[in-house]
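Taking it in order: structure first as structure tokens, then the write-up.
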Amino acid sequence: MKSLTLIALTLALGVCQAAIIETETLAGNDRSVSSIITDKLEAMKVQMADGFPRFGIPPMAPLKVSHRDLNYETGEMRIMGQVDDVVINGLNEFEIRVMDYSAILSRIKYEFNFASLNLTTQYEADVGAGYHMERKGGAFMALEDLNIAGFIKYSTGLLPSSSFRVKQIDVRVKVGKVVSKIENLSKYRIFNRKLNEVIEEFISLTINDNTELLASWIDSAVTPMCNDLIGDRSLKDLIALITGESQSISSTVVDVIEGMKEQMPCGFPAAGIPPIAPLRINHKDIDINTDGLKMKGSIDHFRLNGLNDFDITEMKVNAITSKVTYKFSFRDVNVDTTYNLEMMLKKFGFTINMVGAGHAKFALKDMVIWGTMRYSLGMLSGKLKLKSLEVRTHLGEVDSEIEGMLGDGGINEKMNEYLAEAVEMAINENEDLIADTIESVALPVVNHALEDVSITDMINGGDGGDGGEKEVCIPPELEW
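See the structure below:
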């Protein structure tokens, strides 16, 4: 589906560039515009070997996926498992048989023919359909003489600043031959071959006998997705996207985060978030009561510094695998407060009672946070949803300067050393536990926050789409 969407978008964007370059285009010049689009597609075929970094698309010739979980379930059949070392060949080995652009009809006709679009992988599958079967092994699947033809209708609006819109995407698919070589469908070689023949016939009939149904489904799914990706962009905006004068998805995300850093001293009033660089709490009562820890008291003039003092050392958005890889480096995240607390800690059969009051400083230095996020984009709703959130953390150093834990002498100093060492070890030696905990807690919260966010909102950088200039943050004066 994503490969099909890429081709559809390329055709639509090719029309955009042709419309700008050939503003005087009439019916007699349609052939030159068609050749422009053809040249773009031929260039795309060459570029597929290296991918399209500006759009977060990895190399596609061949397209490689190291791992993908399988989870398919209907009322009659369930397939659970995974595929590894997936390699798809032939995405760039197609012939452009027809490319006919009509400016008067705002339409482009096309026909592509793929000699062989094939896939190799290692699979594991647990299949249930009134019976139970577990299988694993190698697999090869090919669609030979695959023909994709149809047309795209679009509108450019009356003004140069008008939004570009895809009105209809018609895709007709025919396959000449299907080749299936899946190992271990049966332990008997002859029966395994027969099962592969059944699969070949089933896929061939499903594609060739359902042309209208498939075309209707593709139009209903891909057309709104294309328009969501295009958003409110005009022809001029789309040309900048094609020619590289626009930003990549990854750099757009970086710019959004950098903008958030600048805004953090002022907070985000529209979202009800106060200033968080620094985050200040004048007074907070503390009352924690668990089986292992009881803590009661208060903190005053609490100040958390350094949340906006970080570098984005890695940010990669992969549109094919719907995956974001990130890495942030925080120089010094620290707490400065006064406290008055009573604490009882139960651990390993021991009970420790502590009473403390005074000034406290606590710092996490050279903290690195990295990981991945996997997401899905609703084909029809245009909504973003996180499927997984991996957050890993490593600390370079921990400094603890808490007064009054056990007096103000050498014992208190040793307690600070032990506390700093304990925190550093707890974080650095429990990466997996922390990652699992963060995912279980944060994932539903983030997805709830994303319920009202569309693809267009994300592309526009979350600025609300009002097109106005961003108000410069002037940090407030702080008394403490």
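Using mature numbering (1 follows the signal peptide of the UniProt record, and there is no 0), the letters of the sequence shown correspond one by one to residues -18 to -1, 1 to 462.
Yeah, the Cβ is synthetic: ideal placement off N, Cα and C, and Gly gets one too.
The structure presented is a predicted model; accordingly, all values stated were derived computationally and were not measured.
Cβ neighbours of Val427 in the same chain (closer than 6 Å, five flanking residues each side left out): none
Reference Ser382; option with closest CA among Val373, Glu403, Glu372 and Leu371: Glu403
Lys266 versus Asp282: straight-line alpha-carbon distance, rounded: 7 Å
Cα-Cα separation, Ile90 to Asp21: 15 Å
Contact under 8 Å by Cβ, Leu346 with Leu377: yes
Bridge-paired residues (DSSP) for Asp237: Answer is none; Asp237 lacks a bridge partner.
Cβ neighbours of Met326 in the same chain (closer than 6 Å, five flanking residues each side left out): Lys276 and Asn335
Bounding residues of the beta strand (DSSP E) (the contiguous stretch that carries Glu77): Phe76 to Ser84
Beta bridge counterpart(s) of Asp152 as assigned by DSSP: Phe133
Cβ neighbour criterion (16 or more within 10 Å) applied to Arg105: It should be noted that the sequence gives Tyr, not Arg, for residue 105. Tyr105 comes out buried.
Bridge-paired residues (DSSP) for Tyr92: Met81 and Gly132
Spatial distance of Asn316 from Phe310 (CA atoms): 16 Å
Inter-residue Cα distance where the pair is Ile255 and Gly249: 6 Å
Phe292 to Ile409 span [Cα, whole Å]: 19 Å
Cβ-Cβ separation, Ser48 to Asp67 (assumed contact under 8 Å), whole Å: 7 Å
For Ile39, the nearest candidate out of Thr303, Glu93 and Arg79 (CA to CA): Thr303
Three-way DSSP call (helix, strand, coil) for Leu388 in this model: coil
Three-state secondary structure (DSSP) of Lys169: coil
Endpoints, the beta strand (DSSP E) within which Asn287 is located: Leu275 to Asn287
Nonlocal neighbours in the same chain, by C-beta distance under 8 Å from Gly391, ignoring five residues either side: none
Rounded distance between the beta-carbons of Met123 and Ser168, thought under 8 Å: Their Cβ separation, rounded to whole angstroms, is 17 Å, which puts Ser168 and Met123 out of contact at 8 Å.
At least three beta-carbon pairs within less than 8 Å, the region 137 to 157 to the region 173 to 183: no
Burial state of Asp418 (16 or more Cβ within 10 Å): exposed
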